[in-house]
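Q:
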Amino acid sequence: MTLASNHTIIVTPIGKVENTLCEYVGDQIRQQFDFETDVVDLLDDIAFALNTERSQHHSTPILEKLEMTAPARALKVLAITDVDLFIPILTHVYGEAQLGGKAAIVSTFRLKEDLKVFTTEAFKQRIEKEAIHELGHTFKLIHCKDHKCIMHYCRSIRDVDRKTDSLCRYCRIMLEDEVRRL
Ligand SMILES: [Zn+2]
Ligand SMILES: [Zn+2]
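For the sequence shown, the working numbering begins at 905 and goes up steadily by one.
1. Among GLY999, LEU982 and ASN923, which one has its Cα closest to the Cα of LYS1006?
2. What whole-angstrom Cβ distance do LYS1044 and HIS1056 have, given they're in contact under 8 angstroms?
3. Please list, following the chain, all residues that have a C-beta closer than 5 angstroms to any non-hydrogen atom of ligand 2.
4. From the DSSP output, in three-state form, read off VAL981 for me.
5. For LYS1157, does the count of other Cβ atoms within 10 angstroms reach 16, so buried, or fall short, so exposed?
6. So does HIS996 have its beta carbon nearer than 7 angstroms to some heavy atom of ligand 1?
7. Identify, in the order they occur along the chain, each residue of the same chain with its Cβ nearer than 8 angstroms to the Cβ of ASN923, setting aside the five sequence neighbours on each side.
8. Provide the residue span of the beta strand (DSSP E) that contains GLN960, from first to last.
9. Looking only at DSSP bridge pairs, what is THR941 linked to?
10. Closer than 7 angstroms to a non-hydrogen atom of ligand 1 - does that hold for the CB of HIS961?
Next comes the structure, spelled out in structure tokens:
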């Protein structure tokens, strides 16, 4: 696998997101995708994406902005935000990504939901799963029927907890094929 200088995956916080969380997610990304990662601040104001009626942020324009502001060395850029995200057809989303594109975003807002015993570890694991899921889409991975696979689409927090933090064999092969084409 090539590690050219433009093959860095940037992790970027938006809002009140701890740097240690970004570093943690960056470590997991490095393990799963085998690319260098770096935590960089890119956007400090996402008011342009706020829908005041819904009190939520529309994720799609944030992805466009991330794509525009990403440094040249960024192969992909993943934002982690604490604000609640939506796309118009859904009440909320855990994240969104540009399929086969550069930008992905994940929200921690709904991932605290229903944790029987709140531990940072369990919370971090959910964020990691949804972050890697969204990044997977930027590598052209689509939703997987295998409910244990990280590319499985999660309608509820139960689904998130049920899936593992790994790609199934099929998705792993699809990812390797895509990385080889880069
Ligand atoms: Zn998805
Ligand atoms: Zn899969």
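Cβ atoms here follow ideal geometry from the backbone N, Cα and C, with glycine treated the same way.
A: With the structure as the only source:
1. LEU982
2. Their Cβ separation, rounded to whole angstroms, is 16 angstroms, which puts LYS1044 and HIS1056 out of contact at 8 angstroms.
3. CYS1048, ASP1050, CYS1053, MET1055, CYS1072 and CYS1075
4. strand
5. Because the chain in this structure spans residues 905 to 1086, residue 1157 falls outside the shown range and cannot be described.
6. no
7. PRO917 and VAL943
8. 960-962
9. ILE913
10. no
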